[in-house]
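Protein chains: 2
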Amino acid sequence: MASLADAIERHIKELFEQTGSPCVEIRRVELAGRFSCVPSQINYVLETRFTPRHGYLVESRRGGGGFIRIMRLTTPASDRADLLRAVIERLGESVSAREADAVVERLQQARLLGAGEAAVWRAAVRSQTEWVPIPSLRDRVRAALLRSMLMVRFMEASTSEPF
Amino acid sequence: MASLADAIERHIKELFEQTGSPCVEIRRVELAGRFSCVPSQINYVLETRFTPRHGYLVESRRGGGGFIRIMRLTTPASDRADLLRAVIERLGESVSAREADAVVERLQQARLLGAGEAAVWRAAVRSQTEWVPIPSLRDRVRAALLRSMLMVRFMEASTSEPF
DNA sequence: GGCGAAAGGTCAAGGAAGGTCAAACCACAG
DNA sequence: CTGTGGTTTGACCTTCCTTGACCTTTCGCC
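Chain order of the listed sequences is A and B. Heads up: the first sequence is residues 8 to 170, going by this note's numbering. Heads up: the second sequence is residues 8 to 170, going by this note's numbering.
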């Protein structure tokens with residue numbers, strides 16, 4: 008809790024909230040200075056918490072006047088069906104624990120899941136795959152679990168309710 | 008009685024009462040230190056007393072700034088909670104296709120699932136177990152699927168974060 | 001064009017948590 | 001006395017974070 012990386016992550020996310028902009032620019036050295044850490048720490052945070060999987064894109068330029076630009080991918084309500092389809096498509100036969108977490112986080116970021124729901128999803132995926140002895144098999148079970156969870160949470164049956 | 012595990016359990020539950028929060032964070036080493044025991048004892052307590060079945064979710068992170076977060080599940084409406092508990096109890100390690108249908112049927116009759124939902128549940132269970140080659144294994148995957156579906160459909164984790 | 005300063009990028013080592021698993025332990029019913 | 005189920009321990013593993021040495025790109029100036 009409250010690791011340096013967490014603090015930097017929080018700070019960047021606050022920048023997004025404060026400016027309300029989908030796009031934030033930082034200078035690596037300056038940010039490192041503010042947190043009294045080594046500059047490459049910033050890269051670590053970006054690589055582990057602001058990847059496309061997490062719903063962000065990062066651009067940068069070196070040299071004089073260099074910068075790092077972080078863009079938040081937004082998912083308008085009208086696109087949620089597409090995102091959902093894309094997520095289901097991209098779920099292969101096999102899903103690692105890390106990928107599963109990324110999927111849940113992406114859904115949360117797109118406001119398809121709330122924070123509490125996301126926690127339940129993570130716990131469900133974790134607890135219901137533990138019994139599988141072989142890692143490769145476990146990854147396949149994880150994929151099946153996620154798909155079934157997506158189905159029951161987001162799919163409507165065309166069956167009409169009786170009465 | 009009054010085993011070490013019991014004492015640790017009590018202590019964690021007191022943390023919930025004291026803070027009134029649905030979400031408590033501990034550091035494994037620190038807690039182990041307080042009870043003068045080995046750190047893995049904490050895991051034992053969590054595994055035996057703070058599972059989803061007991062109404063809790065546990066998430067954790069390793070490494071520097073690691074933590075263990077224990078979340079309390081909000082209890083669903085009491086009349087249905089009993090049936091749900093019963094259903095979850097009865098779900099063994101292994102569930103045949105027939106048993107799975109019976110479970111869904113039962114949930115539907117208890118008005119916990121609508122007709123459309125029930126159809127989706129049956130379809131999800133069927134389609135997501137087809138890939139499993141070995142029948143005995145398939146039954147275990149079916150059980151895992153059903154449990155995860157029950158979790159995401161009926162468990163509500165109230166996290167205190169606004170987000 | 002060439003040079004040097006000013007960014008940012010990479011990578012690997014070391015440290016700081018928590019996780020796993022199996023053996024030992026203990027209480028108690030049969 | 002013995003088997004059984006819950007508890008306790010400890011050796012060893014995996015994941016995540018932090019740091020620092022060294023590399024690459026870009027810009028301004030001569």
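Here a beta-carbon is modelled for each residue, glycine too, at the ideal position from N, C-alpha and C. Bear in mind that the values here come from a model prediction, so they are computed numbers and not experimental data.
Item	Value
Simplified DSSP assignment, three categories, for Met-5(B)	The question about residue 5(B) has no answer here: the residues shown for chain B are numbered 8 through 170.
Counterpart residues of Arg-76(B) in DSSP-defined beta bridges	Glu-32(B) and Glu-66(B)
Option nearest Phe-42(B) by Cα separation, candidates Glu-16(B), Phe-57(B) and Glu-32(B)	Glu-16(B)
Straight-line Cα distance separating Ala-126(A) from Leu-120(A)	10 Å
Other residues of its chain near Ala-88(B): CB distance less than 7 Å, five sequence neighbours each side excluded	Thr-82
Exposure label - Gly-72(A); buried when at least 16 CB within 10 Å	exposed
Own chain partners of Leu-153(A) with C-beta closer than 7 Å, once the 5 adjacent residues on each side are dropped	Leu-98, Val-102, Ala-107, Val-110 and Val-132
Where Thr-81(B) sits in the DSSP three-state scheme	strand
Proximal residues, the region 73 to 97 of chain A versus chain B, C-beta separation under 8 Å	none
Spatial neighbours of Val-52(A) in its chain, beta-carbon cut-off 6 Å, leaving aside the 5 residues before and after	Ala-12, Ile-15 and Glu-16
Residue of Tyr-63(A), Glu-66(A) and Val-159(A) minimising C-alpha distance to Ile-95(A)	Val-159(A)
Contacting residues, own chain, Cβ-Cβ under 8 Å from Thr-55(A) (five flanking each side not counted)	Ala-12
Closest by C-alpha distance to Arg-60(B), when choosing among Pro-140(B), Thr-26(B), Glu-124(B) and Ala-93(B)	Ala-93(B)
Cα-Cα separation, Ala-150(B) to Glu-100(B)	6 Å
DSSP three-state assignment for Trp-128(B), whether helix, strand or coil	helix
Through-space distance from Arg-118(B) to Leu-80(A), alpha-carbon basis	39 Å
For Thr-55(B), the three-state DSSP class (helix, strand or coil)	helix
Straight-line Cα distance separating Leu-22(B) from Gln-116(B)	39 Å
For Arg-149(A), three-class secondary structure by DSSP	helix
Below-8 Å beta-carbon distance, Glu-37(B) vs any chain A residue	no
Straight-line gap, Arg-147(B) to Phe-161(B) (C-alpha atoms, nearest Å)	21 Å
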